[in-house]
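Colleague: Quick note, the sequences are listed as chains A, B, C and D, same order. If you count the first sequence from 1, position 5 lands on 5 in the UniProt record's numbering, and the numbers rise without skipping. If you count the second sequence from 1, position 165 lands on 165 in the UniProt record's numbering, and the numbers rise without skipping. If you count the third sequence from 1, position 97 lands on 97 in the UniProt record's numbering, and the numbers rise without skipping. If you count the fourth sequence from 1, position 89 lands on 89 in the UniProt record's numbering, and the numbers rise without skipping. Just so it is clear, CB atoms sit at the ideal spot from N, CA and C, and this is done for glycine as well. Note that the structure is a prediction, hence the values are computed from the model and not measured.
There are 4 protein chains.
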Amino acid sequence: MTTGEGPRRGRGRPRTPGAEERILDAALAEYGEHGWSGFTMDAVARRAGVGKSTVYLRWSDKDALLTDAVASHGLELTAVDTGSLAGDLTQLALNLLRHFHGAAGWAALRITFDTASVDDRLGDFAEAVNEVHGRQVEQICLRAIERGEMAEDIPITAVTETIYGAAMVHALSERLEARADSDVEVEARARHIVAMILPGISTMPGTT
Amino acid sequence: MTTGEGPRRGRGRPRTPGAEERILDAALAEYGEHGWSGFTMDAVARRAGVGKSTVYLRWSDKDALLTDAVASHGLELTAVDTGSLAGDLTQLALNLLRHFHGAAGWAALRITFDTASVDDRLGDFAEAVNEVHGRQVEQICLRAIERGEMAEDIPITAVTETIYGAAMVHALSERLEARADSDVEVEARARHIVAMILPGISTMPGTT
Amino acid sequence: MTTGEGPRRGRGRPRTPGAEERILDAALAEYGEHGWSGFTMDAVARRAGVGKSTVYLRWSDKDALLTDAVASHGLELTAVDTGSLAGDLTQLALNLLRHFHGAAGWAALRITFDTASVDDRLGDFAEAVNEVHGRQVEQICLRAIERGEMAEDIPITAVTETIYGAAMVHALSERLEARADSDVEVEARARHIVAMILPGISTMPGTT
Amino acid sequence: MTTGEGPRRGRGRPRTPGAEERILDAALAEYGEHGWSGFTMDAVARRAGVGKSTVYLRWSDKDALLTDAVASHGLELTAVDTGSLAGDLTQLALNLLRHFHGAAGWAALRITFDTASVDDRLGDFAEAVNEVHGRQVEQICLRAIERGEMAEDIPITAVTETIYGAAMVHALSERLEARADSDVEVEARARHIVAMILPGISTMPGTT
DNA sequence: CTATAATCGAGACGGTACGTCACGTCTTGAT
DNA sequence: ATCAAGACGTGACGTACCGTCTCGATTATAG
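1) Does the contact criterion of 3 or more C-beta pairs under 8 Å hold for the stretch 167-179 of chain C versus the stretch 155-165 of chain D?
2) In whole angstroms, what is the alpha-carbon distance linking G18 (chain A) and T112 (chain D)?
3) L96 (chain C) to R47 (chain B), Cα distance in whole Å?
4) Specify the secondary structure class of S202 (chain D) as computed by DSSP and reduced to three states.
5) Pull up the CB-CB distance for G200 (chain B) and P199 (chain A), whole angstroms please, since I reckon it's below 8 Å.
6) By Cβ distance, which residues of its chain are closer than 6 Å to A69 (chain A), with the 5 residues on each side in sequence left out?
7) Determine the DSSP secondary structure at I197 (chain D), reduced to helix, strand or coil.
8) Compare the C-beta of E20 (chain C) against all C-beta atoms of chain D and say whether one is closer than 8 Å.
9) Identify each residue in the stretch 154-167 of chain B for which the Cβ-Cβ distance to at least one residue of chain A is less than 9 Å, and report them in chain order.
10) Would you list the residues sitting across from M150 (chain B) in a DSSP beta bridge?
11) Quick check on the DSSP output: the alpha helix (DSSP H) that includes L172 (chain D) runs from which residue to which?
12) With the cut-off set at 8 Å, would you say H101 (chain B) and L77 (chain B) are in Cβ contact?
13) Decide if D88 (chain D) is buried, meaning its Cβ has at least 16 other Cβ atoms within 10 Å, or exposed.
14) Taking only the alpha-carbon atoms, compute the straight-line gap between P155 (chain B) and G35 (chain A) and give it to the nearest angstrom.
15) How far does the alpha helix (DSSP H) with A27 (chain C) in it reach, from first residue to last?
16) Which residues in chain C have a C-beta closer than 8 Å to the C-beta of T112 (chain D)? List them in chain order.
17) Give the residues of chain C in contact with L198 (chain D), contact being defined as C-beta atoms less than 7 Å apart.
18) Helix, strand or coil for G134 (chain A) per DSSP?
19) Determine the contact status of E20 (chain D) and R58 (chain D), defining contact as a CB-CB distance below 8 Å.
20) I'd like to know whether the C-beta atoms of L94 (chain C) and E187 (chain C) end up nearer to each other than 8 Å.
21) Measuring only from the beta carbon, is T67 (chain C) closer than 7 Å to any heavy atom that is part of the ligand NAD?
22) Which first and last residues belong to the alpha helix (DSSP H) in which A48 (chain D) is found?
23) Just to confirm, is the Cβ distance from N148 (chain A) to T203 (chain A) under 8 Å?
24) Looking at G51 (chain A): is its Cβ nearer than 8 Å to the Cβ of A45 (chain A)?
25) So that I know if they touch, is there some Cβ in chain A lying closer than 8 Å to that of L85 (chain B)?
26) How many Å lie between residue 211 (chain C) and I140 (chain C) at the Cα?
27) Between the C-alpha atoms of I145 (chain B) and A166 (chain B), what's the straight-line distance to the nearest angstrom?
28) One question on the structure: do R191 (chain A) and T90 (chain A) come within less than 8 Å of each other, judged by their Cβ atoms?
29) Could you list the residues in the UniProt domain "HTH tetR-type" (17-77) of chain D with a C-beta less than 8 Å from some C-beta on chain C, going in chain order?
30) State the Cα-Cα distance for the pair A64 (chain D) and A151 (chain C), rounded to the nearest angstrom.
31) I believe I197 (chain D) touches M196 (chain C) by the beta-carbon criterion, under 8 Å. Please report the beta-carbon distance rounded to the nearest angstrom.
32) Should L122 (chain C) be flagged as near chain D, meaning a C-beta pair shorter than 8 Å?
33) What whole-angstrom Cβ distance do A103 (chain D) and G32 (chain D) have, given they're in contact under 8 Å?
34) Which value, in whole angstroms, describes the spacing of the CA atoms of V80 (chain D) and Q136 (chain D)?
Quick look at the structure:
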């Protein structure tokens with residue numbers, strides 16, 4: 001994911017340690033402020049206090065930098081473990097809604113779609129996405145099954161896709177309608193989503 | 001959405017009839033082949049066999065053309081009415097999975113995210129998306145409520161977002177993992193999705 | 001010499017008429033002010049009030065532009081005809097001393113050496129130099145021979161080379177020593193040069 | 001001219017003996033092959049098989065290196081003393097014609113013009129040129145005056161400039177016309193040049 | 001024999017200019 | 001009025017080179 005270790009044999013001046021991170025931060029900041037079409041390599045370099053060559057030594061082009069920047073900061077998602085399936089899913093939905101609402105999460109989302117549209121360089125990014133996001137729901141479900149809260153015949157990927165999709169589309173609609181939900185609204189939406197799918201996966205019919 | 005009807009008064013040479021469509025097709029093809037950053041107006045014009053002026057006479061800029069191209073081919077979704085909520089939702093999910101799997105649907109999806117990321121020109125596209133997609137689920141739910149199959153206190157947008165989201169993320173994961181689901185798998189996935197949310201919105205607890 | 005007439009069939013917007021000259025002027029001015037290493041294509045374009053593309057549409061690269069700029073303005077040399085060989089040569093020497101002393105003449109000189117060092121694109125420039133400079137002395141000598149002032153067995157190219165060389169090296173030494181000769185000194189030098197070679201080519205021995 | 005003697009006190013690793021020369025040779029070769037605009041420090045260092053620091057420890061910048069490279073190989077001119085003014089000048093002219101015809105002499109010439117075009121660092125190179133070349137003619141003339149062969153009122157610099165200029169322009173025209181004179185032609189040209197200026201500086205009118 | 005120190009090869013660094021490419025505008029002659 | 005063609009001003013792209021710097025590895029003298 002990061003840079004891919006070129007020819008490092010200890011010879012020559014080592015790459016400036018902090019540079020990688022400064023550039024990634026600058027990239028994310030520029031992207032956040034000016035969007036895709038206003039995202040300039042020169043501006044990133046200037047903001048990071050670095051020459052363009054330093055950037056291009058590490059990333060082959062604009063897309064690679066942006067993808068990496070997003071991957072490095074946009075895939076963070078705190079783990080969830082409240083003790084109950086309903087609690088876990090609600091907390092997860094809340095996290096996701098907030099994640100996709102924020103600049104980094106949204107950027108990551110967009111980049112994911114861009115990346116998935118091109119034949120090249122799929123491997124790394126896809127792996128990362130699956131690792132970080134897919135695993136999360138898997139853990140929750142496995143624990144719930146162990147506790148006997150969840151039916152065993154539910155395909156976990158379907159649960160993942162549904163919750164992620166709901167949060168994702170909600171964030172999308174928020175943006176399309178230039179709306180900014182309040183905290184209360186976000187929490188209500190999280191509860192609604194979980195209320196909708198919980199009966200379908202729970203072992204106890206009728207739970208709300 | 002369409003063309004914006006410029007100065008049409010009958011005087012002077014009329015606009016070449018087939019041009020509109022040829023350009024839109026070329027735009028979609030170019031976008032599909034090269035993605036956003038490889039999408040150029042010159043290439044579209046060349047591919048469509050027209051001059052750049054012909055393009056710019058109809059669309060104000062790149063974004064407008066691309067948005068329109070997608071809207072013209074990517075928002076087609078046949079209406080659904082099977083007589084039951086479960087049947088409607090299953091058919092809708094199936095349609096969506098197939099829609100996002102295809103080139104036009106995927107392109108529309110990608111464009112939607114791109115469009116939603118920029119501050120400008122939100123209005124038109126958002127309206128279109130809501131019109132075409134939002135209405136669909138609304139109809140289904142209203143009919144179900146009328147039939148007494150669905151609880152009245154479920155926010156319809158939540159249903160929309162969940163179903164759309166599930167289909168969307170499934171298509172995304174298909175691409176990220178370079179997978180191509182068979183017809184049977186797609187149908188199973190549609191049933192799973194509906195099975196998951198149906199108990200949560202139905203008036204009859206325990207329904208499958 | 002100029003641009004080499006590309007595909008001109010009357011279609012498309014014609015090249016802006018004045019641009020060629022404005023760019024050449026700007027190039028010469030920039031070269032004069034900042035020298036070779038301070039000569040920038042961006043600066044030339046900015047000074048000429050045109051875009052870089054307009055420049056690169058006409059000249060393939062920096063060298064080509066500079067060569068052309070110099071050729072267009074640096075080869076001007078007013079004809080000479082005073083009626084006598086001594087007068088003609090003195091006037092010519094004076095012209096040359098002043099020509100090479102000035103920015104344009106000096107630039108032309110330098111470019112000539114650069115051009116002669118590379119195997120490519122010799123043809124045009126060499127032709128121009130010979131046309132403009134070689135012809136000049138030829139005329140003078142032919143008239144002198146006709147008048148009986150000059151021996152017929154003198155190779156004219158030797159005369160050319162000697163006079164041109166003398167003026168050239170004088171200008172070179174002026175620059176190397178950061179000296180700026182006065183008008184009187186320049187005239188004296190012109191007379192000295194002619195005095196030195198006139199007896200060698202004249203039919204009347206002992207003339208000064 | 002040479003190296004500029006840095007801090008040499010005996011402590012620390014001594015400079016690699018052969019490096020100086022290898023770098024100068026590489027510089028001259030690169031200059032000869034690619035000309036000024038294709039002359040890069042990286043290429044010189046690579047060709048010489050040394051690091052860039054080794055180069056920059058010895059010369060402050062590109063110009064200094066190039067100037068020095070040329071000065072070290074391009075100013076060699078064997079002294080002349082045949083016993084007569086005519087003989088000396090003829091031999092000198094011959095030497096010059098051959099000198100400027102060769103790669104090193106031509107490179108030196110080109111560098112001289114380049115150097116003289118820039119405002120900085122004139123001193124050193126100008127001194128070198130004057131020292132090596134100017135002195136040569138001065139010696140010849142002084143001996144001739146002593147022998148009574150040459151008039152005393154002739155400005156020696158004019159003689160220098162004329163002979164040097166003639167040889168220089170001849171070499172230039174040879175290159176511009178992609179011509180390569182034979183030995184016989186070169187000797188004839190040397191005699192012609194001297195024949196042209198000898199009467200003008202000699203004390204004996206009518207001498208050939 | 002160890003410490004100090006200048007030099008070596010390599011190559012990353014902040015800059016700056018290069019020549020290319022696309023944008024959206026414009027100007028032409030033809031339809 | 002619209003068309004195909006294509007030049008225009010603008011500005012970002014990714015590359016190359018400058019002269020500087022930092023590294024670990026020599027290679028000498030000084031103590």
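Modeller: By the coordinates alone:
1) Three or more beta-carbon pairs drawn from the stretch 167-179 of chain C and the stretch 155-165 of chain D are found closer than 8 Å, and the two stretches are therefore classed as touching.
2) Locating residue 18 (chain A) in the first sequence gives position 18, counting from the first residue. Locating residue 112 (chain D) in the fourth sequence gives position 112, counting from the first residue. So the two alpha carbons sit approximately 46 Å from each other.
3) Within the third sequence, the letter at position 96 stands for residue 96 (chain C). Within the second sequence, the letter at position 47 stands for residue 47 (chain B). Separation of L96 (chain C) and R47 (chain B) (C-alpha to C-alpha, rounded to the nearest whole angstrom) is 58 Å.
4) Stepping through the fourth sequence from its first residue, residue 202 (chain D) is reached at position 202. It is a strand residue.
5) Within the second sequence, residue 200 (chain B) is the residue found at index 200, counting from 1. Within the first sequence, residue 199 (chain A) is the residue found at index 199, counting from 1. Contact between G200 (chain B) and P199 (chain A) is confirmed by a C-beta separation of about 5 Å, below the 8 Å threshold.
6) Counting from 1 along the first sequence, the entry for residue 69 (chain A) is found at position 69. Within the same chain, A69 (chain A) has close Cβ partners L24, A27 and L28.
7) Numbered from its first residue, the fourth sequence carries residue 197 (chain D) at position 197. I197 (chain D) falls in the helix class under three-state DSSP.
8) The count along the third sequence starts at 1 and reaches residue 20 (chain C) at position 20. Not closer than 8 Å to any Cβ of chain D, the Cβ of E20 (chain C) fails to qualify, so no.
9) Interface annotation for the stretch 154-167 of chain B against chain A: I154, P155, T157, A158, V159, T160, E161, T162, I163, Y164, G165, A166 and A167, criterion Cβ-Cβ distance under 9 Å.
10) For the purposes of this step, residue 150 (chain B) is taken as the residue at position 150 of the second sequence. Answer is B:S202.
11) Within the fourth sequence, the letter at position 172 stands for residue 172 (chain D). Per DSSP, L172 (chain D) belongs to the alpha helix (DSSP H) from I156 to L176.
12) Along the second sequence, read from residue 1 onward, the residue named residue 101 (chain B) stands at position 101. Along the second sequence, read from residue 1 onward, the residue named residue 77 (chain B) stands at position 77. No, Cβ-Cβ distance for H101 (chain B) and L77 (chain B) is not below 8 Å.
13) On the fourth sequence, residue 88 (chain D) is found 88 positions in, with the first residue counted as 1. Buried is the label assigned to D88 (chain D), since at least 16 other Cβ atoms lie within 10 Å of its Cβ.
14) For the purposes of this step, residue 155 (chain B) is identified with residue 155 of the second sequence, where counting begins at 1. For the purposes of this step, residue 35 (chain A) is identified with residue 35 of the first sequence, where counting begins at 1. Their backbone Cα atoms lie some 32 Å apart in a straight line.
15) Locating residue 27 (chain C) in the third sequence gives position 27, where the first residue counts as 1. DSSP places A27 (chain C) in the uninterrupted alpha helix (DSSP H) bounded by A19 to H34.
16) As a working mapping, residue 112 (chain D) is identified with position 112 in the fourth sequence. What T112 (chain D) touches in chain C: L172 and L176.
17) Here the question's residue 198 (chain D) lines up with position 198 in the fourth sequence. In chain order: G200.
18) To locate residue 134 (chain A), count along the first sequence from 1; it is residue 134. Here G134 (chain A) sits in helix by DSSP.
19) The count along the fourth sequence starts at 1 and reaches residue 20 (chain D) at position 20. The count along the fourth sequence starts at 1 and reaches residue 58 (chain D) at position 58. Yes. Within cutoff.
20) Taking the first residue of the third sequence as 1, we reach residue 94 (chain C) at position 94. Taking the first residue of the third sequence as 1, we reach residue 187 (chain C) at position 187. Cβ atoms of L94 (chain C) and E187 (chain C): closer than 8 Å.
21) This structure does not include the ligand NAD; it has no bound ligands of any sort.
22) Reading the fourth sequence from its first residue, position 48 is the one you call residue 48 (chain D). Looking at the DSSP string, the run of the alpha helix (DSSP H) that includes A48 (chain D) is M41 to A48.
23) Against the first sequence, residue 148 (chain A) aligns to sequence position 148. Against the first sequence, residue 203 (chain A) aligns to sequence position 203. With the sequence shown as reference, residue 148 (chain A) is identified as Gly, and Asn is not the correct amino acid for it. Closer than 8 Å, so yes.
24) Translated into positions along the first sequence, residue 51 (chain A) becomes position 51. Translated into positions along the first sequence, residue 45 (chain A) becomes position 45. Taking 8 Å as the Cβ cut-off, G51 (chain A) and A45 (chain A) qualify as a contacting pair.
25) On the second sequence, residue 85 (chain B) is found 85 positions in, with the first residue counted as 1. Closer than 8 Å: no.
26) The structure shown does not extend to residue 211 (chain C), since chain C spans only 1 to 208, so no value can be given for it.
27) Position 145 of the second sequence holds residue 145 (chain B). Position 166 of the second sequence holds residue 166 (chain B). Approximately 23 Å between the Cα atoms of the pair.
28) Sequence index remark: in the first sequence, residue 191 (chain A) carries index 191 (1-based). Sequence index remark: in the first sequence, residue 90 (chain A) carries index 90 (1-based). In this structure, T90 (chain A) lies closer than 8 Å to R191 (chain A) by Cβ.
29) Those would be G35, W36 and S37, in chain order.
30) Position 64 of the fourth sequence, counting from 1, holds the residue named residue 64 (chain D). Position 151 of the third sequence, counting from 1, holds the residue named residue 151 (chain C). Rounded to whole angstroms, A64 (chain D) and A151 (chain C) show a C-alpha spacing of 48 Å.
31) If you number the fourth sequence from 1, residue 197 (chain D) lands on position 197. If you number the third sequence from 1, residue 196 (chain C) lands on position 196. By a beta-carbon distance limit of 8 Å, I197 (chain D) contacts M196 (chain C). Their separation comes to about 5 Å.
32) Numbered from its first residue, the third sequence carries residue 122 (chain C) at position 122. Confidence is the limiting factor: at L122 (chain C) the pLDDT is only 48, short of 50, which leaves the residue's position unreliable, though a coordinate-based value still follows. Chain D contact via Cβ: present.
33) To locate residue 103 (chain D), count along the fourth sequence from 1; it is residue 103. To locate residue 32 (chain D), count along the fourth sequence from 1; it is residue 32. Right, their Cβ atoms sit about 5 Å apart.
34) Residue 80 (chain D) sits at position 80 when you count from the first residue of the fourth sequence. Residue 136 (chain D) sits at position 136 when you count from the first residue of the fourth sequence. Straight-line Cα distance between these residues: approximately 8 Å.
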